[in-house]
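Residue numbers (my numbering): -8 to 87. Positions of the beta carbon are idealized from the N, C-alpha and C atoms, including for glycine. For reference, the structure is listed below as C-alpha cells.
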C-alpha cells in the first residue's frame, strides 16, 4: 500500500458533488496514482457519489481500492460527545 500523505486526501463536506469530482480528477491527472476521499456524517453519501461519478464517467480505468468505515467521537458545542459515522474511499488508477 502506498504511503498516505495529506496531498492525496480530499475531505468531502457540504459543497456540490462536481466540485469534489473536479478536484479528484485534477489530482489524478497531475500524477497521483491514488487518492483518498474522507467524509463524516451526512457527507458520506456525497463521497460515494463522488467516487462513482469519477469511476463511471471520467476515469473509466479507476478502481475502488479500499473502503474503510468507522465511528468517530466528537465533542458537541453544548457539551458531551456524539458518535459520527465516517468513511474513507481509496481510488486508484489502474486496469480493470
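Write down the C-beta distance between residue i and residue j rounded to the nearest angstrom, noting that I regard them as a contact closer than 8 Å.
i	j	result
residue 81	residue 56	4 Å
residue 78	residue 59	7 Å
Determine, using beta carbons only, whether residue i comes closer than 7 Å to chain D.
i	result
residue 53	Within the model displayed, chain D is absent; a lone protein chain is all it includes.
Out of the options, state which residue places its alpha-carbon closest to the alpha-carbon of residue i.
i	options	result
residue 20	75, 61, -1	-1
residue 42	74, 15, 61	15
residue 10	22, 33, 38, 76	38
residue 61	74, 67, 27	74
So, for residue i: in the same chain, excluding its five sequence neighbours on each side, which residues have a beta-carbon less than 8 Å away from its beta-carbon?
i	result
residue 25	-7, -1, 56, 81, 82, 83, 84
Keeping to the same chain, check which residues put their C-beta closer than 7 Å to that of residue i; ignore five residues upstream and five downstream.
i	result
residue 44	8, 12
Cα separation between residue i and residue j?
i	j	result
residue 31	residue 4	8 Å
residue 2	residue 51	22 Å
residue 71	residue 65	9 Å
residue 27	residue -3	9 Å
residue 23	residue 69	41 Å
residue 48	residue 29	21 Å
residue 67	residue 76	15 Å
If I measure Cβ to Cβ from residue i and keep anything under 6 Å in the same chain, skipping five residues before and after, which residues do I get?
i	result
residue 40	8
residue 46	53
Nearer than 6 Å: is that true of the beta carbon of residue i relative to any heavy atom of the ligand NAP?
i	result
residue 52	With respect to small molecules bound, the structure shown includes none, and the ligand NAP cannot be examined in it.
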